[in-house]
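**Student:** The sequence shown runs contiguously to residue 125 in my numbering. Just so it is clear, CB atoms sit at the ideal spot from N, CA and C, and this is done for glycine as well. From a predicted model like this one, the values you see are computed outputs, not experimental measurements.
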Amino acid sequence: MALFSDVVQGVGNTTAATEVALPSLTLPARNGNWTITRIWVTACLQNFNVAEPLVGYVRVTSEDCQIAPFEIPMEPVPGFITVGGSVQREPHKWFCGVQIPGGGTLDFAAVADVTLGTASEIQV
């Protein structure tokens with residue numbers, strides 16, 4: 002089993018209901034298909050302001066498989082989730098069970114339900 006993840010930095014002053022594109026993830030080329038069994042999202046605010054709750058979702062789409070659109074609620078985590086940081090609790094895994102060909106691409110976008118005045122960090 003292989004795990005593919007990507008840490009991306011959100012845009013500051015994100016407006017509610019505005020979709021912010023995140024980097025795409027291209028799976029390695031191989032003969033045959035990959036099976037995507039689970040996807041999860043964790044998120045945190047930088048320069049956290051208690052008056053700004055983190056609510057929203059990450060939308061996963063692809064033209065290479067039948068996952069579109071898959072919307073995953075953001076799960077706030079205590080602390081930073083950067084490469085040097087550590088998540089203190091395990092996020093919920095969302096089962097999807099779709100096939101995607103080798104070299105296929107998954108596209109990600111974040112949608113906040115409230116306007117955020119600080120940068121957010123999202124890990125998919």
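Roughly how many whole angstroms lie between the Cα atoms of G13 and Q100?
**Tutor:** Low confidence applies to G13: its pLDDT is 47, below 50, so where it sits in the model is not reliable, and the reading given next is rough at best. Approximately 34 Å between the Cα atoms of the pair.
**Student:** Under a three-way DSSP split, which group does E20 fall into?
**Tutor:** Note: E20 maps to strand in three-state DSSP.
**Student:** Within the same chain, show all residues whose beta-carbon is closer than 8 Å to that of E20, passing over the 5 residues directly before and after it, in chain order.
**Tutor:** R60, A110, A111, V112
**Student:** Going by the beta-carbon positions, is the gap between I68 and Y58 smaller than 9 Å?
**Tutor:** no
**Student:** Flag this pair as yes or no: are the beta carbons of D65 and T106 separated by less than 9 Å?
**Tutor:** yes
**Student:** Would F96 be called buried (16 or more neighbouring beta carbons within 10 Å of its own) or exposed?
**Tutor:** exposed
**Student:** So the candidates are D114, D108, G103; which of them puts its Cα closest to the Cα of N34?
**Tutor:** Considering only alpha carbons, the answer is G103.
**Student:** Can you give me the C-alpha to C-alpha distance between P70 and V42, rounded to a whole angstrom?
**Tutor:** So the two alpha carbons sit approximately 15 Å from each other.
**Student:** For V61, report the span of its beta strand (DSSP E) as first-last.
**Tutor:** 57-62 is the extent of the beta strand (DSSP E) around V61.
**Student:** Identify every residue that forms a DSSP beta bridge with L26.
**Tutor:** L107
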